[in-house]
Amino acid sequence: MGKGDAVNQIHLQEVECLLALAEELHFGNTAARLGCSQSRVSQLISGLEAHVGARLVERTSRRVSLTRFGAQFVDEIRPAYTALDTVFAHARDRARRGALCELRIGFHGSVYEEITLAFRRLRAQHEVTVMLSEIPLGSPFSDLLGGRLDAVVVELPVHEPALTVGFRFPPQDQLLAVAAAHPLAVRDEADVEDLAGLDVLYRSGDAPDYWRHARVPPATPAGRPIRSTTGIATIQEGLALVAGGEHAMLVCRPLAERSHREDVRYLPVHGLDEPSQLGLVWRTDGAGPQLATLARLLREEFGRDADSPARPGRRTHGDTAGAAGSAGRGAPAASGPTGSVGSVGPVGRAASTGPAAPAASAGPTEGRGPGGRRRTCAVAAPEGRSDSGSA
Numbered sequence: 001m002g003k004g005d006a007v008n009q010i011h012l013q014e015v016e017c018l019l020a021l022a023e024e025l026h027f028g029n030t031a032a033r034l035g036c037s038q039s040r041v042s043q044l045i046s047g048l049e050a051h052v053g054a055r056l057v058e059r060t061s062r063r064v065s066l067t068r069f070g071a072q073f074v075d076e077i078r079p080a081y082t083a084l085d086t087v088f089a090h091a092r093d094r095a096r097r098g099a100l101c102e103l104r105i106g107f108h109g110s111v112y113e114e115i116t117l118a119f120r121r122l123r124a125q126h127e128v129t130v131m132l133s134e135i136p137l138g139s140p141f142s143d144l145l146g147g148r149l150d151a152v153v154v155e156l157p158v159h160e161p162a163l164t165v166g167f168r169f170p171p172q173d174q175l176l177a178v179a180a181a182h183p184l185a186v187r188d189e190a191d192v193e194d195l196a197g198l199d200v201l202y203r204s205g206d207a208p209d210y211w212r213h214a215r216v217p218p219a220t221p222a223g224r225p226i227r228s229t230t231g232i233a234t235i236q237e238g239l240a241l242v243a244g245g246e247h248a249m250l251v252c253r254p255l256a257e258r259s260h261r262e263d264v265r266y267l268p269v270h271g272l273d274e275p276s277q278l279g280l281v282w283r284t285d286g287a288g289p290q291l292a293t294l295a296r297l298l299r300e301e302f303g304r305d306a307d308s309p310a311r312p313g314r315r316t317h318g319d320t321a322g323a324a325g326s327a328g329r330g331a332p333a334a335s336g337p338t339g340s341v342g343s344v345g346p347v348g349r350a351a352s353t354g355p356a357a358p359a360a361s362a363g364p365t366e367g368r369g370p371g372g373r374r375r376t377c378a379v380a381a382p383e384g385r386s387d388s389g390s391a
């Protein structure tokens with residue numbers, strides 16, 4: 001007899017009947033409990049005994065009892081039957097709710113504290129496991145639209161009709177990464193018109209034009225074209241090219257604060273009004289309760305909802321290049337001293353002196369916008385079918 005043949009010969013109804021009879025010890029009560037006739041109970045027990053090859057039940061005119069073999073068999077099979085019944089019950093419940101027990105989520109850069117806390121809560125409270133995979137920098141939507149992922153955490157905007165932005169992370173300022181030896185590196189900040197004199201790296205991939213232009217604008221506000229001749233596949237590749245002195249790169253502030261290089265400097269860009277922002281994005285026709293729950297948990301982990309002000313003092317976490325948004329809480333204000341960005345060098349000179357500013361206890365999170373203007377970071381409510389591009 002091959003492996004599994006014994007199980008194939010046994011019907012679950014026979015096992016269910018034996019377990020019920022072991023509790024009732026009465027054929028009539030067992031039949032009533034199972035909703036069948038006494039003769040059917042006898043038939044099921046006889047069939048199970050034939051499959052096992054031993055008597056399981058002793059029956060006389062006065063009493064019903066399990067044989068020693070039958071009692072041992074019941075003790076061994078009851079946990080397995082209960083576990084199997086539980087699996088089927090959970091599967092039926094998920095099928096009824098259109099639920100998944102696993103979410104496949106793609107991301108750019110790194111995943112930090114608030115996001116992983118939300119993932120752990122989703123697993124612990126809702127029995128949903130999150131499987132993470134890093135997606136190419138320049139291909140934010142391909143795996144999602146192709147059905148290989150259930151959701152992605154990528155930079156906004158999203159104008160694809162088939163996609164929904166379910167949660168917006170707090171917006172972050174964009175900085176310009178240049179070589180430490182570059183003439184701009186000695187300045188407090190760059191001007192958006194300075195981009196016309198640089199070769200700004202772009203992300204290689206199949207992203208739509210509107211998304212690529214949000215990462216690297218095709219022209220300055222004055223209409224001067226911005227040269228962008230070289231594509232990158234990874235953040236580290238981009239920083240290495242920047243350090244070589246022939247290229248520059250637009251990055252979000254959290255990336256600058258975590259990318260420690262002595263040969264790279266990061267400058268605020270005056271006149272670059274659009275902040276960077278990440279979003280949790282899923283297919284509109286593939287939305288389920290788990291994704292909506294994940295969006296809610298993210299709002300809770302970031303300590304705010306669509307109508308409440310941002311909680312201060314927590315930095316957004318999202319190591320992505322270009323106009324990358326950030327998967328975390330609001331950025332620290334550049335007006336307060338924050339120290340240099342590790343060994344990378346200052347984010348402008350104003351950010352290189354003094355201790356870190358303490359976090360406030362209430363009120364909105366404030367960061368410096370382009371040119372030193374103050375910006376309040378807030379999270380929008382879950383979006384409709386696509387992202388309009390507004391923060």
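The numbering of the sequence shown is full-length UniProt numbering, which starts it at 1 and goes up by one. Cβ coordinates follow ideal geometry from the N, Cα and C atoms, glycine included.
Three-way DSSP call (helix, strand, coil) for PRO225 in this model = Translated into the one-based positions of the sequence shown, residue 225 becomes position 225. In the structure shown, PRO225 sits in a strand (DSSP, three-state: E or B).
For ALA331, name the three-state secondary structure that DSSP assigns.
-> As a first step, residue 331 must be located in the sequence shown, where it is residue number 331. Legend: pLDDT at ALA331 = 35, less than 50; position of this residue unreliable, no value from coordinates given.
Mind checking GLN174: buried by the 16 CB within 10 Å criterion, or exposed?
-> By one-based count along the sequence shown, residue 174 stands at place 174. Buried, by the Cβ-count rule.
What are the partner residues of ARG148, as DSSP defines its beta bridges?
-> Taking the first residue of the sequence shown as position 1, residue 148 is located at position 148. In DSSP, ARG148 forms no bridge with anything.
At what residues does the alpha helix (DSSP H) containing CYS101 begin and finish?
-> Mapped onto the sequence shown, residue 101 falls at position 101. It is not in any alpha helix (DSSP H) - CYS101 carries neither H nor E in the DSSP assignment.
Contacting residues, own chain, Cβ-Cβ under 8 angstroms from VAL15 (five flanking each side not counted) = Locating residue 15 in the sequence shown gives position 15, counting from the first residue. Around VAL15: LEU48, ILE77 and TYR81.
Coil, strand or helix - SER61 by DSSP = The residue you call residue 61 lines up with position 61 of the sequence shown. Of the three classes helix, strand and coil, the one that applies to SER61 here is coil, per DSSP.
CB-CB under 7 angstroms to ARG187, same chain, minus the five flanking residues each way: which ones, in chain order?
-> In the sequence shown, counting from the first residue as 1, residue 187 sits at position 187. Excluding residues within five positions, the ones whose Cβ falls inside 7 angstroms are LEU267.
Cβ neighbours of SER42 in the same chain (closer than 8 angstroms, five flanking residues each side left out) | In the sequence shown, residue 42 corresponds to position 42, counting from 1. Contacts found: PHE27.
So, helix, strand or coil for ASP199, using DSSP?
-> Within the sequence shown, numbered from 1, the residue matching residue 199 stands at position 199. ASP199: strand per DSSP, three-state reduction.
For the alpha helix (DSSP H) that contains GLU134, what are its first and last residues?
-> Numbered from 1 along the sequence shown, position 134 holds the residue referred to as residue 134. Counting along the chain, GLU134 falls outside any alpha helix (DSSP H), though it belongs to the beta strand (DSSP E) covering 129 to 134.
By the 10 Å Cβ neighbour count, where 16 or more other Cβ atoms means buried, how is ALA50 classified, buried or exposed?
-> Along the sequence shown, one-based indexing puts residue 50 at 50. ALA50 is exposed by the Cβ-count criterion.
Are LEU66 and ALA124 closer than 8 angstroms when you measure CB to CB?
-> Along the sequence shown, one-based indexing puts residue 66 at 66. Along the sequence shown, one-based indexing puts residue 124 at 124. No, the pair does not count as a contact, with Cβ atoms beyond the cut-off.
Per DSSP, what kind of secondary structure is PHE167 in: helix, strand or coil?
-> Locating residue 167 in the sequence shown gives position 167, counting from the first residue. Reduced to three states, the DSSP call for PHE167 is strand.
Three or more beta-carbon pairs under 8 angstroms between the stretch 287 to 300 and the stretch 203 to 211, yes or no?
-> no
Do three or more CB pairs link the stretch 129 to 138 to the stretch 245 to 264 at distances below 8 angstroms?
-> no
Start and end of the beta strand (DSSP E) containing ALA179?
-> For this step, residue 179 is matched to residue 179 along the sequence shown. From DSSP, the beta strand (DSSP E) with ALA179 extends over 174 to 179.
Roughly how many angstroms lie between the CA atoms of ARG286 and VAL152, to the nearest whole one?
-> Numbered from 1 along the sequence shown, position 286 holds the residue referred to as residue 286. Numbered from 1 along the sequence shown, position 152 holds the residue referred to as residue 152. In the sequence on display, residue 286 carries Gly and not Arg. Between GLY286 and VAL152, the C-alpha separation is close to 13 angstroms.
Proximal residues to GLU189 (C-beta, below 6 angstroms), its chain only, five neighbours per side dropped | Numbered from its first residue, the sequence shown carries residue 189 at position 189. Within the same chain, GLU189 has close Cβ partners LEU267, PRO268, HIS270 and GLY348.
Just grab the DSSP bridge partners of TRP282 for me.
-> As a position in the sequence shown, residue 282 is number 282, starting the count at 1. TRP282 pairs with ALA151 and THR164.
Rounded C-alpha distance that separates LEU145 from ILE115 | What you label residue 145 is simply residue 145 of the sequence shown in a count that begins at 1. What you label residue 115 is simply residue 115 of the sequence shown in a count that begins at 1. Straight-line Cα distance between these residues: approximately 23 angstroms.
From ALA185 to ARG227, what does the alpha carbon distance come to, in whole angstroms?
-> Here residue 185 corresponds to residue number 185 of the sequence shown, with the count starting at 1. Here residue 227 corresponds to residue number 227 of the sequence shown, with the count starting at 1. For ALA185 and ARG227, the distance between alpha carbons rounds to 19 angstroms.
Identity of the residue in GLY231, PRO170, GLY197 and GLY70 nearest GLY223 by Cα | Sequence index remark: in the sequence shown, residue 223 carries index 223 (1-based). The shortest C-alpha separation from GLY223 is found at GLY197.
Can you tell me which of the three DSSP states ILE232 falls into?
-> Position 232 of the sequence shown, counted from the start, is the residue given in the question as residue 232. In the structure shown, ILE232 sits in a strand (DSSP, three-state: E or B).
In angstroms with no decimal places, state the Cα-to-Cα distance between ILE10 and SER142.
-> If you number the sequence shown from 1, residue 10 lands on position 10. If you number the sequence shown from 1, residue 142 lands on position 142. Rounded to whole angstroms, ILE10 to SER142 spans 47 angstroms at the Cα level.
GLY244 versus THR230: straight-line alpha-carbon distance, rounded = Here residue 244 refers to the residue found at position 244 of the sequence shown. Here residue 230 refers to the residue found at position 230 of the sequence shown. The alpha-carbon atoms of GLY244 and THR230 are separated by roughly 13 angstroms.
Within 10 angstroms of its Cβ, does CYS252 collect 16 or more other Cβ (buried), or is it exposed?
-> Here residue 252 refers to the residue found at position 252 when the sequence shown is read from its first residue. It is buried - the Cβ of CYS252 has at least 16 other Cβ atoms within 10 Å.
From the DSSP output, in three-state form, read off ALA287 for me.
-> Taking the sequence shown and counting its residues from 1, one reaches residue 287 at position 287. Correct three-state label for ALA287: coil.
Which word fits VAL87, buried or exposed, when buried means at least 16 other C-beta atoms lie within 10 angstroms of its C-beta?
-> In the sequence shown, residue 87 corresponds to position 87, counting from 1. The residue in question, VAL87, is exposed, as its Cβ has fewer than 16 Cβ neighbours within 10 Å.
What are the boundary residues of the alpha helix (DSSP H) that includes LEU250?
-> What you label residue 250 is simply residue 250 of the sequence shown in a count that begins at 1. From DSSP, LEU250 is part of no alpha helix (DSSP H) but of the beta strand (DSSP E) over 249 to 252.
At what residues does the alpha helix (DSSP H) containing residue 393 begin and finish?
-> Lying before the first or after the last residue shown, residue 393 is absent from the chain, which here runs from 1 to 391.
Integer Cβ distance of GLY70 from LEU56, believed to fall under 8 angstroms = Residue mapping note: residue 70 aligns to position 70 of the sequence shown, counting from 1. Residue mapping note: residue 56 aligns to position 56 of the sequence shown, counting from 1. Contact flag correct, Cβ pair sits at about 3 angstroms.
For HIS126 and ARG40, the rounded distance between their alpha carbons | Start at 1 with the first residue of the sequence shown, and residue 40 comes out as number 40. Start at 1 with the first residue of the sequence shown, and residue 126 comes out as number 126. Near 40 angstroms, if we compare the C-alpha coordinates of HIS126 and ARG40.
Buried versus exposed call for GLY53 [16 or more other C-beta atoms within 10 Å across all chains shown] = Stepping through the sequence shown from its first residue, residue 53 is reached at position 53. Under this definition GLY53 is an exposed residue.
Taking all protein chains shown into account, decide if SER276 is buried (16 or more other Cβ within 10 angstroms of its Cβ) or exposed.
-> Translated into positions along the sequence shown, residue 276 becomes position 276. With 16 or more other Cβ atoms within 10 Å, it is buried.
How big is the Cα-Cα spacing for GLN72 and ALA20?
-> Here residue 72 refers to the residue found at position 72 when the sequence shown is read from its first residue. Here residue 20 refers to the residue found at position 20 when the sequence shown is read from its first residue. Their Cα atoms are separated by approximately 15 angstroms.
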